[in-house]
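In full-length UniProt numbering, the protein residues as written are 1 to 266.
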């Protein structure tokens with residue numbers, strides 16, 4: 001997005017516009033590091049003699065918010081090279097039932113922890129579970145296969161009655177989609193799911209793992225999957241940098257009057 005204010009726009013916006021044009025015309029290629037702050041100050045002070053470092057950083061923040069550049073802690077600012085990951089919730093399960101693969105087979109999977117632990121309060125609330133109830137927890141980090149760049153951090157919470165004492169308590173990548181493993185162990189099918197989305201700032205641990213700055217927003221989803229009898233089979237949460245994900249929803253438009261209890265606020 002470029003400014004239409006021209007010379008009347010704030011300095012930081014005019015600098016952001018010029019850097020955006022440089023990226024668009026190929027002066028800075030995807031994955032390339034932008035010049036250091038000292039070099040950018042020297043360049044833009046030719047136009048804005050009183051330009052401050054903070055104003056320059058404001059311009060960079062504009063580009064980061066748009067997903068055009070990304071900061072790598074201790075390294076610098078780079079032109080974004082990655083395509084946004086697309087999530088189509090309605091298609092995910094059907095695809096895995098067809099090919100049997102992990103839902104994110106194109107990414108490298110790491111399971112830093114698998115074992116029993118108390119369910120976090122926000123997960124318990126989403127799934128109508130008792131806070132602190134013991135569950136099997138599988139934490140994951142998903143990264144680009146070629147570059148190793150982290151794309152997602154998350155965890156799955158599975159009732160002990162389903163996963164306790166099984167291979168799901170081992171910190172290894174499962175051979176097929178996790179939900180297919182849970183279906184095999186429980187003897188029940190995933191039939192209904194609820195996604196709760198939130199945009200927020202990252203925790204310090206999330207920022208470190210995802211290699212983003214503390215000022216970069218993240219998208220957080222809590223996904224509750226249930227069987228036909230309303231049994232919770234799995235609760236999964238995922239966190240992505242907000243500039244790396246695109247959520248696509250397709251659904252039938254109801255022709256019936258809406259139940260007030262389920263009415264959307266927006």
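Quick reminder that beta carbons are idealized off the backbone N, C-alpha and C, glycines included. Since we're looking at a predicted model, the values are computed, not measured.
For residue i, count neighbouring Cβ atoms within 10 angstroms of its own Cβ and tell me buried if that reaches 16, exposed if not.
| i | result |
| --- | --- |
| residue 202 | buried |
| residue 54 | exposed |
| residue 145 | exposed |
| residue 264 | exposed |
| residue 98 | exposed |
| residue 157 | buried |
So, for residue i: in the same chain, excluding its five sequence neighbours on each side, which residues have a beta-carbon less than 7 Å away from its beta-carbon?
| i | result |
| --- | --- |
| residue 186 | 162 and 233 |
| residue 170 | 114 |
| residue 29 | 79 |
Looking at the unbroken beta strand (DSSP E) that takes in residue i, where does it start and where does it end?
| i | result |
| --- | --- |
| residue 156 | 150-159 |
| residue 14 | Residue 14 -> not in any beta strand (DSSP E); alpha helix (DSSP H) instead, spanning 11-24. |
| residue 124 | Careful: residue 124 lies outside any beta strand (DSSP E), inside the alpha helix (DSSP H) at 121-127. |
What does DSSP give as the partner residue(s) for residue i in the beta ladder?
| i | result |
| --- | --- |
| residue 219 | 199 and 240 |
| residue 113 | 139 |
| residue 86 | 246 |
| residue 166 | DSSP lists no partner for residue 166. |
| residue 72 | 76 |
| residue 108 | 143 |
| residue 118 | 134 |
For residue i, which option in the options has the closest C-alpha, if you only look at C-alpha atoms?
| i | options | result |
| --- | --- | --- |
| residue 239 | 42, 48, 223 and 164 | 223 |
| residue 141 | 126, 90 and 207 | 207 |
| residue 73 | 10, 26, 204 and 135 | 204 |
| residue 66 | 167, 244 and 210 | 244 |
| residue 75 | 220, 257 and 211 | 211 |
In chain order, what residues of the same chain lie with their CB nearer than 6 Å to the CB of residue i, ignoring the 5 residues before and after it?
| i | result |
| --- | --- |
| residue 132 | 118 |
| residue 213 | 71 |
| residue 44 | 15 and 51 |
| residue 134 | 116 and 160 |
What residue does the alpha helix (DSSP H) around residue i start on, and which one ends it?
| i | result |
| --- | --- |
| residue 48 | Premise fails: residue 48 is in no alpha helix (DSSP H) and is neither H nor E. |
| residue 61 | 53-65 |
Output needed for residue i: all residues of its chain with C-beta closer than 8 Å, excluding positions within five of it in sequence on either side, in chain order.
| i | result |
| --- | --- |
| residue 191 | 226, 227 and 228 |
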